[in-house]
Amino acid sequence: MSAVTLGEAFRTARTRIHSTDAGVLLCHVIGRDPAYLIAHPDMRLRADEHESFASLVERRAQGEPVAYLTGEREFYGRAFKISPAVLIPRPETELLVDLALERIQRSPSARVLDMGTGSGCVAVAIASERSHAKVLALDQSLEALAVARRNAVRLGAGNVAFLQSDWFDGLGPERFDLIVSNPPYVASGDPHLQEGDVRFEPRNALEAGGDGLNAIRRIVSGAERYLVLAGWLLFEHGYDQAMSARKLLQAAGYQDVFSARDLAGIERVSGGRLTMAASDR
Ligand code: GLN
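First residue of the sequence shown? That's -3 in my numbering, and the numbers climb one at a time after it.
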């Protein structure tokens, strides 16, 4: 035992980092929930727990995201394991899952492709909610695929397969009923890349050329060869990219092009479908 109680450790940490973060990190170290922390302020930390907590507080004070320090983040009601090899799942990306689920409601055995799966949060959420769907999750990064695979196993999503691929390059001749992606979409010079949690996230999961649209252009132009007729393409994009996203989709011949707003009221996901063969358009 160390001489330090939970209450004392928490109060010391609060002088260095936000109290919410201090609470989350302390719970993580002792493997208990917040109710325990509140109920047992006089419980003593073991020396090793105190040491790990002090080191996590220091790393948090230096800016490391809490989700990387605990190795976990909730998404679509499930706890995903994460590492600095993958983007931290964000609440607005749940909109992409909602829209995807709506579109495969009537075809329960849909084939779904998730491009740039990262932690696998989108692929695993879709696969879990639609147990008869077959989801293929691809990523260029083997490290990311290892994280995604682990999440699929832990969360019992046996209907997700994984593929290392630079966007469409590694795919065979198969076609999908739905293609989804949360691609990188931040413009290279965006000052936001130097701020907060984003500084610690993998650059290639965030950055996509001078206008942030490089990956989206590649996905929109490539998807046609991998979608069944009338199959949907849905992707997330930046707060100011909805108009560009719709234009790209329309120029590529997509119909029923739309953008949907996230909970903050920002147009965050766009999509469309190809209802005619290229030769008839
Ligand atoms: N929404 C993220 C951000 O602004 C970017 C995520 C992404 O590029 N897919 O930091």
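Backbone N, C-alpha and C define an ideal beta-carbon position, used for all residues, glycine too.
Close Cβ partners of residue i (< 7 Å) along its chain, the five nearest in sequence each way excluded
i, result
"Ser103", "Asp173"
"Val194", "His188 and Leu202"
"Val118", "Thr89, Leu92, Val93, Asp110, Val176 and Asn178"
"Arg213", "Leu244"
Three-state secondary structure (DSSP) of residue i
i, result
"Leu151", "coil"
"Ser103", "coil"
"Leu270", "coil"
"Asp110", "strand"
"Asp135", "strand"
"Ser177", "strand"
"Val93", "helix"
"Leu41", "coil"
"Gln190", "helix"
Residues of its chain near residue i, where Cβ-Cβ distance is below 8 Å and the 5 sequence neighbours each way are ignored
i, result
"Gly19", "Phe6, Pro30 and Leu33"
"Ala220", "As written in the sequence, residue 220 is Glu, which differs from the Ala given in the question. If we look at Glu220 and ignore the five residues flanking it on each side, its Cβ neighbours are Ala248, Gly249, Leu270 and Ala274."
C-alpha gap between residue i and residue j, whole angstroms
i, j, result
"Ala273", "Ile262", "32 Å"
"Ile236", "Gly3", "Just to set this straight, residue 236 is Asp in the shown sequence, not Ile. The alpha-carbon atoms of Asp236 and Gly3 are separated by roughly 44 Å."
"Glu180", "Ala133", "The residue you asked about is not Glu; residue 180 is Pro in the sequence shown. About 16 Å."
"Glu68", "Ile84", "9 Å"
"Leu65", "Gly152", "24 Å"
"Phe196", "Asp276", "47 Å"
"Ala129", "Gln136", "23 Å"
"Ser105", "Val120", "15 Å"
"Gly166", "Leu225", "21 Å"
"Gln160", "Ala142", "10 Å"
"Gly114", "Arg86", "12 Å"
"Phe158", "Glu139", "12 Å"
"Ala183", "Gly206", "5 Å"
Distance between beta carbons of residue j and residue i, contact taken as under 8 Å
i, j, result
"Lys77", "Asn147", "6 Å"
"Leu209", "Gly267", "So it is not a contact: roughly 15 Å between Cβ atoms."
"Thr1", "Arg40", "6 Å"
Neighbourhood of residue i by C-beta distance below 6 Å, restricted to the same chain and skipping five residues each side
i, result
"Val25", "Glu45, Ser48 and Phe49"
"Ala204", "Pro180, Tyr181, Asn210 and Ala211"
"Arg74", "Leu151"
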